[in-house]
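Q: Residue numbers (the numbering used here): 3 to 504. Every residue gets a Cβ at the ideal spot worked out from N, C-alpha and C, and that includes glycine.
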Amino acid sequence: MITVESVSTLEQQEVDVLIIGVPDHPENVEGWDAFVQSFHPSIPEWIKSHDIKQDFKQLTKMPALSKRNYDRVYFVGVGKQKELTEQPVRELFAMVGKQLHKDRVRTAAVWTAPFCNEEMTCEDVAYLASEGISLGAYEYEGFHTTSNEIDVSLTSITFITAADEQSVKGAGEVGMIYAHAVNEARTLVNAPPNLLTPTKMADYARELADNYDLEIDVLGRAEMEELGMGAILAVNQGSVEEPQLIVLKYQAMEQWEDVIGLIGKGITYDTGGYSLKPREGMIGMKGDMGGAAAVLGAMCIIGETRPRKNVIAVIASTDNMISGAAFKPDDVITSLSGKTIEILNTDAEGRLVLADAVTYAKQAGAEYLIDVATLTGGVIVALGNDKTGTLTNHDAFYKQFEEAAEESGEFIWRLPLTENDRKRIRKSDVADLNNSPGRDGHMIFGGGFVGEFAENTPWIHLDIAGTSDAASPHVLGPKGGTGVMVRTLATFIERLAAEEAQ
Ligand code: BES
Ligand code: ZN
Ligand code: ZN
Numbered sequence: 003m004i005t006v007e008s009v010s011t012l013e014q015q016e017v018d019v020l021i022i023g024v025p026d027h028p029e030n031v032e033g034w035d036a037f038v039q040s041f042h043p044s045i046p047e048w049i050k051s052h053d054i055k056q057d058f059k060q061l062t063k064m065p066a067l068s069k070r071n072y073d074r075v076y077f078v079g080v081g082k083q084k085e086l087t088e089q090p091v092r093e094l095f096a097m098v099g100k101q102l103h104k105d106r107v108r109t110a111a112v113w114t115a116p117f118c119n120e121e122m123t124c125e126d127v128a129y130l131a132s133e134g135i136s137l138g139a140y141e142y143e144g145f146h147t148t149s150n151e152i153d154v155s156l157t158s159i160t161f162i163t164a165a166d167e168q169s170v171k172g173a174g175e176v177g178m179i180y181a182h183a184v185n186e187a188r189t190l191v192n193a194p195p196n197l198l199t200p201t202k203m204a205d206y207a208r209e210l211a212d213n214y215d216l217e218i219d220v221l222g223r224a225e226m227e228e229l230g231m232g233a234i235l236a237v238n239q240g241s242v243e244e245p246q247l248i249v250l251k252y253q254a255m256e257q258w259e260d261v262i263g264l265i266g267k268g269i270t271y272d273t274g275g276y277s278l279k280p281r282e283g284m285i286g287m288k289g290d291m292g293g294a295a296a297v298l299g300a301m302c303i304i305g306e307t308r309p310r311k312n313v314i315a316v317i318a319s320t321d322n323m324i325s326g327a328a329f330k331p332d333d334v335i336t337s338l339s340g341k342t343i344e345i346l347n348t349d350a351e352g353r354l355v356l357a358d359a360v361t362y363a364k365q366a367g368a369e370y371l372i373d374v375a376t377l378t379g380g381v382i383v384a385l386g387n388d389k390t391g392t393l394t395n396h397d398a399f400y401k402q403f404e405e406a407a408e409e410s411g412e413f414i415w416r417l418p419l420t421e422n423d424r425k426r427i428r429k430s431d432v433a434d435l436n437n438s439p440g441r442d443g444h445m446i447f448g449g450g451f452v453g454e455f456a457e458n459t460p461w462i463h464l465d466i467a468g469t470s471d472a473a474s475p476h477v478l479g480p481k482g483g484t485g486v487m488v489r490t491l492a493t494f495i496e497r498l499a500a501e502e503a504q
């Protein structure tokens, strides 16, 4: 993780790059004149002539013009300082992070003042800058044996601030914790499926549990058979890989009550099974564990920040393969809940593994449920690749979640789940439910199916099929795994904890 420092003047520290925001009225920033004098008195002229740009996110690089505590300055256009809000600041610093990474910079300093306004304190800026820079600087190393190894990377960020140094440093560190967890989730999504098997995912969770003193329980095939987890077992039937139900418990309160359950879809590879995916549609299905990655990322933050809120994470992990033993359309299976399911499509496997995971979470005491899954192509058709589709059975619970998503800058959009939809999920000649009622509005059927197992427990469904894996670079990072929902989930739990403390 990138370390965070905080100082009142840069004289105390040496860095490779100094980052200076250039707002619409730089002369109003306290300390601006002193900076101008120390760098070069011509700065105001250069701004006027647009050699240094003021427009939002415009970057101008310059070497230090005399011997200083920094080698180079990145001037970054801020635009209208008074109107600056959180998400643009996060995005601005992600752009800076991308540049720092590209330029192989090891240490950087950010002067907070040009980014602050009445709504945004220096602490807020430090939080957003840390988060943005670390998200922007992310790169998946991969397995190249030659050339572009990442030999140099950013190791520290120093905030220069007139505010309380300790609180600015603290805020910056929290931003770094958040971004680090997102980057971990990105790496899990980017990992190839021959290496990131369910067993390896469980090993990763064990490490997490070790690091953060979480309770962990991992159920394999035998334990699942004993409990009667017929849904996840059916999906696993064609696989040589052992399925894993990964359970992490974070107990913050004396009593194990008011527990929030985070449920992740952890399909390490989705071939579709006998309802086989077409050749092109299969590529990328290593990312079908994006929900699991989001939950693990959130647990990483929770482990670090230790909010006063009980949390249980349940991740259902297997791959979805073909063999003589694989499950098939027309099969009828019995889930952990006792509900029977007619299989109409083996490619609708996510809802099956989630069904057992949701029931398990409820049995383990979860009173609120959030499931996260790369569940349907339908959500991409409905909302594109930049919006997470949601469903819920509880308006008030959802409203609080929406606020956390907004604070995190992660766009979510709720779709309806009607009695008519439920009827179609429950329509089967041979079982209680069917796993694929049709292609019309199938994001709703996918999530709605999971909702059947949440029953009356307050529940939110997050379909991240469109948002979990980016086809090209985006404002907060490179192509590949995005780590979407890690920050929203953790922010939500922190907000719940803070609310209860009041
Ligand atoms: N893993 C897929 C959903 C998916 C699609 C994730 C695209 C990421 C990108 C899921 O298991 C699936 O195959 N869903 C089917 C459901 C259908 C059979 C009802 C789909 O979306 O086509
Ligand atoms: Zn599938
Ligand atoms: Zn899937």
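Say the cut is 7 Å; is the CB of THR376 nearer than that to a heavy atom of ligand 1?
A: The answer is yes for THR376.
Q: For ASP18 and ARG74, I'd like the C-alpha separation in whole angstroms.
A: Looking at the two C-alpha atoms, the distance is approximately 6 Å.
Q: Would you say ASN322 touches ligand 2, meaning its beta carbon is less than 7 Å from a heavy atom?
A: Checking the Cβ of ASN322 against ligand 2 gives yes.
Q: Is it true that the CB of THR378 sits closer than 8 Å to the CB of HIS444?
A: Going by C-beta atoms, HIS444 is nearer than 8 Å to THR378.
Q: Measuring only the C-alpha atoms, how far is HIS146 from ILE54?
A: Their backbone Cα atoms lie some 38 Å apart in a straight line.
Q: For ALA315 and MET203, which I take to be in contact (beta-carbon distance under 8 Å), what is that distance rounded to the nearest angstrom?
A: Not confirmed; about 12 Å, so no contact.
Q: Output yes or no for whether 8 Å exceeds the beta carbon distance between LEU156 and ASN71.
A: Against a cut-off of 8 Å, the Cβ pair of ASN71 and LEU156 comes out as no contact.
Q: Return the residue from the list PRO309, GLY305 and GLN246 that minimises the CA-CA distance to TYR362.
A: Residue GLN246 is the option with its Cα nearest to TYR362.
Q: Using DSSP with H/G/I as helix, E/B as strand and the rest coil, what is LYS364?
A: Note: LYS364 maps to helix in three-state DSSP.
Q: According to the neighbour-count rule (16 or more other Cβ atoms, all chains shown, within 10 Å of its Cβ), is PRO475 buried or exposed?
A: Exposed, by the Cβ-count rule.
Q: Would you mind working out which of GLU227, ALA110, PHE494 and GLY450 sits nearest TYR400, comparing C-alpha positions?
A: The candidate whose alpha carbon is nearest that of TYR400 is PHE494.
Q: Quick one: grab the DSSP three-state call for ALA296.
A: DSSP places ALA296 in helix when its eight states are reduced to three.
Q: List the whole-angstrom C-beta distance separating VAL261 from VAL313, where the pair is believed to meet the contact cut-off of C-beta under 8 Å.
A: Right, their Cβ atoms sit about 7 Å apart.
Q: So what does DSSP say about ILE303, is it helix, strand or coil?
A: Residue state, collapsed to three classes: helix.
Q: Under the DSSP definition of a beta bridge, which residues are partnered with GLN246?
A: DSSP, once it has assigned bridges, lists SER319 as partnering GLN246.
Q: May I ask you to verify whether the segment 486 to 493 touches the segment 298 to 311, counting CB pairs closer than 8 Å and requiring at least 3?
A: Judged by Cβ distances under 8 Å, the segment 486 to 493 makes contact with the segment 298 to 311, as three or more pairs qualify.
Q: Whether or not the segment 370 to 386 and the segment 431 to 449 are in contact is what I'm after, with contact meaning three or more pairs of Cβ atoms, one per stretch, closer than 8 Å; do they touch?
A: Because the criterion of three Cβ pairs below 8 Å is met, the segment 431 to 449 and the segment 370 to 386 touch.
Q: Regarding ALA318 and ligand 2, is the C-beta to nearest heavy atom distance less than 7 Å?
A: Outside the cutoff, so no.
Q: Roughly how many angstroms separate the alpha carbons of GLU412 and ASP57, rounded to a whole number?
A: Computed Cα separation, rounded: 24 Å.
Q: Confirm, please, whether the CB-CB distance from GLY479 to ALA183 is below 8 Å.
A: Contact flag unset, no.
Q: Please state if the CB of ALA406 and the CB of ARG497 are separated by a distance shorter than 8 Å.
A: Closer than 8 Å, so yes.
Q: Measuring only from the beta carbon, is ASP272 closer than 7 Å to any heavy atom that is part of ligand 2?
A: Under cutoff, so the answer is yes.
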